[in-house]
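Colleague: Sharing a structure with you now.
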Amino acid sequence: MADFVLGRIKFVWKGNWATGTSYIKDDVVRYGGNTFVATVNHTASTLFETDLSAAPAKWEKMAAGFDF
């Protein structure tokens, strides 16, 4: 019988993106005023742009916003 982890059926808010943090698919972070959702399990690199430009991208923009 399959086990279901109910906490992973929805997005999980992780707050501000942080270097060296382990993220799993569907984790949501804030970076530069925008909100991004993780597309794969990974550990954050030293620069968010490195993860964003990876092939395949580790993040996808969920919502645009402003950084005051």
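Residue numbers for the sequence shown follow our numbering, so the first one is 115 and each next one is one higher.
C-beta: ideal position from N, C-alpha, C; glycine also.
Taking the beta carbon of Ala178 as the centre, do at least 16 other beta carbons fall within 10 Å, making it buried, or is it exposed?
Modeller: Within the sequence shown, numbered from 1, the residue matching residue 178 stands at position 64. Exposed is the call here.
Colleague: Taking DSSP's pairing of strands, which residues face Val126 in a bridge?
Modeller: Here residue 126 refers to the residue found at position 12 of the sequence shown. DSSP, once it has assigned bridges, lists Asp141 as partnering Val126.
Colleague: Taking 8 angstroms as the cut-off, decide whether the C-beta atoms of Tyr145 and Ala158 are in contact.
Modeller: Here residue 145 refers to the residue found at position 31 of the sequence shown. Here residue 158 refers to the residue found at position 44 of the sequence shown. Not closer than 8 angstroms, so no.
Colleague: For Val131 versus Phe162, is the C-beta spacing smaller than 8 angstroms?
Modeller: Counted from its first residue, the sequence shown places residue 131 at position 17. Counted from its first residue, the sequence shown places residue 162 at position 48. Correcting the residue identity first, residue 131 is Trp in this sequence and not Val. Yes, these two residues count as a Cβ contact at 8 angstroms.
Colleague: Is the beta carbon of Asp140 less than 8 angstroms from the beta carbon of Val154?
Modeller: One-based indexing of the sequence shown puts residue 140 at position 26. One-based indexing of the sequence shown puts residue 154 at position 40. Taking 8 angstroms as the Cβ cut-off, Asp140 and Val154 do not qualify as a contacting pair.
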